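Asker: In the working numbering, the protein residues as written are 214 to 416.
Even glycine gets a Cβ: it sits at the ideal position worked out from N, Cα and C.
None of the values given here were measured: they were computed from a predicted structure.
My structure is below; once you've seen it, I'll send some questions.
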Amino acid sequence: MTTRPKLTYFDMPVSRGEECRLAFAIAGADFEDNRIPREAWAALKPTTPFGALPTLEVPGYPVIAQSCAILAYIGRRYGVHPTDLVEAALHEAVMAHVEDLRATVAWAGRNADEATKQRTREHLAATTIPAWAGSVEAQIGDGPFYAGERPMVVDVKLYMGMRSFRRGVMDHIPTTVFDAFPKLIRLYDAVEAWAPVKAWISR
Ligand SMILES: N[C@@H](CCC(=O)N[C@@H](CS)C(=O)NCC(=O)O)C(=O)O
Numbered sequence: 214m215t216t217r218p219k220l221t222y223f224d225m226p227v228s229r230g231e232e233c234r235l236a237f238a239i240a241g242a243d244f245e246d247n248r249i250p251r252e253a254w255a256a257l258k259p260t261t262p263f264g265a266l267p268t269l270e271v272p273g274y275p276v277i278a279q280s281c282a283i284l285a286y287i288g289r290r291y292g293v294h295p296t297d298l299v300e301a302a303l304h305e306a307v308m309a310h311v312e313d314l315r316a317t318v319a320w321a322g323r324n325a326d327e328a329t330k331q332r333t334r335e336h337l338a339a340t341t342i343p344a345w346a347g348s349v350e351a352q353i354g355d356g357p358f359y360a361g362e363r364p365m366v367v368d369v370k371l372y373m374g375m376r377s378f379r380r381g382v383m384d385h386i387p388t389t390v391f392d393a394f395p396k397l398i399r400l401y402d403a404v405e406a407w408a409p410v411k412a413w414i415s416r
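Encoded structure:
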């Protein structure tokens, strides 16, 4: 029987699903990359633990949901998450911090008129996002990654958490929003340049 985990997400290289795929990539681990079409989501949604993706299925166990839990599982199983309990908790706190940012930004200006949306997002870019970045910047050491010279699941979480902004996906949030945080930028660039990540992105 296969013990290969099955990751289910939308058929897009974005957000919480792509960071789990990248976690498998940095671990050099094989997995089933189950990509579902948008049209299939309505029927699948009520069958997932929390009505959202990604999910991870490990043969013989209940379905795992929540991207941070999936990342911690991948990290522990394949050696890309600290074994020390406190170190692991510190990494998990940073991953939760990425989720906090996503939750805040996802609602910024949603369903508002264009002027309100612009004002809300410009305010985030000037206040909330730099405050978010400053907290992480203060925790990064000599780098280039969060815990030194080897990427861990926290690094792919941070990379994907920043990527949509740096790629200009959100109107009214400048792509330079993290430029005042050199350690974060160094981490981002190091993840993107890491050979397995590069190979995954360009495949
Ligand atoms: N806290 C959850 C959030 C999951 C989430 O919101 N996933 C989105 C995609 S990134 C989703 O499933 N959206 C479709 C929906 O909510 O119906 C996690 O970290 O996995």
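Determine the DSSP secondary structure at Ile386, reduced to helix, strand or coil.
Answerer: Assigned with DSSP and collapsed to three states, Ile386 falls in coil, not helix or strand.
Asker: What residue range does the beta strand (DSSP E) around Thr260 cover?
Answerer: For Thr260, no beta strand (DSSP E) run applies, since DSSP gives it neither H nor E.
Asker: Please state whether DSSP places Phe394 in a helix, a strand or coil.
Answerer: coil
Asker: Any chance you could list the residues with Cβ under 5 Å from a heavy atom of ligand 1, keeping chain order?
Answerer: My final list is Ser228, Arg229, Ala265, Leu266, Gln279, Ser280.
Asker: Starting from the Cα of Met375, find the closest Cα among Val271, Ala325, Glu232, Ser280 and give me that residue.
Answerer: Glu232
Asker: Would you please state the rounded distance, in angstroms, between the beta carbons of Tyr401 and Tyr359? I believe it to be under 8 Å.
Answerer: About 11 Å separates the Cβ atoms of Tyr401 and Tyr359, ruling out a contact at the 8 Å cut-off.
Asker: Run through DSSP, which three-state label would Tyr359 get?
Answerer: coil
Asker: Should the region 343–363 be regarded as contacting the region 392–399, the criterion being three or more beta carbon pairs within less than 8 Å?
Answerer: yes
Asker: By DSSP, does Phe237 sit in helix, in strand, or in coil?
Answerer: helix
Asker: By a C-beta neighbour count over all protein chains shown, 10 Å radius and 16 as the cutoff for buried, is Ile342 buried or exposed?
Answerer: buried
Asker: Between Ile287 and Pro267, which are expected to be in contact by the criterion C-beta below 8 Å, what is the C-beta distance as a whole number of angstroms?
Answerer: With a Cβ gap of about 11 Å, Ile287 and Pro267 do not count as contacting.
Asker: Count the other CB atoms, across all protein chains shown, that sit within 10 Å of the CB of Ala346; report buried if there are 16 or more and exposed otherwise.
Answerer: buried
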